[in-house]
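Sequential numbering of the sequence shown, starting at 0, is according to numbering that gives the first Met the number 0.
Even for Gly, the Cβ is constructed at its ideal location relative to N, Cα and C.
A short write-up of the structure that comes next.
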Amino acid sequence: MHNTKLSKFITEDDIQKRVSEIGKLLTDQFKNSKDPLIAICVLKGSFMFYSDLTRHIDLDLSCEFLGVSSYHGASKSSGEVKMTLDLSTPIEGKNIILIEDIVDTGLTMNYLLKNLESRKPKKIVTVTLLHKPDASVIPCKIDHIGFKIENDFVVGYGLDYQGYYRNLPYIAQVQNIN
Ligand code: IMP
């Protein structure tokens, strides 16, 4: 976008190293379970993290997708979470890995956890690539965090600003947004 300035923040190499570490942790966590495993991608932001991370989980699993929108293209959270796409299968009695791009206020993760728990899965393990602890307005359970970051707006590797920058292979800070 012509009026925004980006500065590289987390490199592609650092992301890939961390993604492979989390993949190994998840593999160890579920390798002795006989229950079906489902990896849930929270669209749109986690599509890239999800596709890399699931390739590092060395177990049989099925892939499911949930759509949520909370930012509506702005750079500050509206605080309102809306489900735009639901799972295509029941999750009762199954192990779930819920994969998010970023936990900012925590409202989205909280909403998703409540929603999924009501469907009685066996266990939900939550993963987020990025976490902004200082932005939290509600506590939520995060089992694996890629990187803890400051309360700044970031883009790339699935994350957008007004729909752009999701295709960057690295994470960048946007310098000049309000
Ligand atoms: P939360 O509900 O405030 O935790 O926000 C979660 C959602 O807001 C994420 O899934 C992202 O889509 C979006 N979001 C939060 N912070 C950022 C950011 O720094 N860059 C891009 N999107 C963000």
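Just confirm the distance between the C-beta atoms of residue i and residue j, as a whole number of angstroms; I'd bet it's less than 8 Å.
| i | j | result |
| --- | --- | --- |
| Ile14 | Ile148 | 12 Å between Cβ atoms; not a contact. |
Considering just the uninterrupted stretch of the beta strand (DSSP E) at residue i, what are its terminal residues?
| i | result |
| --- | --- |
| Gly44 | Here Gly44 belongs to no beta strand (DSSP E), and DSSP marks it neither H nor E. |
| Ser6 | Leu5 to Ile9 |
| Lys81 | Lys81 to Leu84 |
| Gln174 | Run containing Gln174: none; DSSP gives neither H nor E here. |
| Val136 | Per DSSP, Val136 belongs to no beta strand (DSSP E) and is neither H nor E. |
Around the Cβ of residue i, are there at least 16 other Cβ atoms within 10 angstroms (buried) or fewer (exposed)?
| i | result |
| --- | --- |
| Cys62 | exposed |
| Asp100 | buried |
| Asp85 | exposed |
| Gly93 | For the record, residue 93 in the displayed sequence is Lys; it is not Gly. So Lys93 ends up on the buried side. |
Taking only three categories from DSSP, how would you classify residue i?
| i | result |
| --- | --- |
| Phe152 | coil |
| Leu52 | helix |
| Lys30 | coil |
Do you know offhand how far residue i's Cα is from residue j's?
| i | j | result |
| --- | --- | --- |
| Tyr163 | Tyr110 | 25 Å |
| Val136 | His130 | 13 Å |
| Gly66 | Met82 | 6 Å |
| Leu106 | Asn2 | 30 Å |
| Leu60 | Pro35 | 7 Å |
| His71 | Ile56 | Low per-residue confidence applies at His71: pLDDT is 48, beneath 50, and the placement is therefore not dependable enough to give any value. |
| Val102 | Ile21 | 16 Å |
| Val173 | Lys33 | 44 Å |
Going by DSSP, what residue range makes up the alpha helix (DSSP H) through residue i?
| i | result |
| --- | --- |
| Asn109 | Leu106 to Glu116 |
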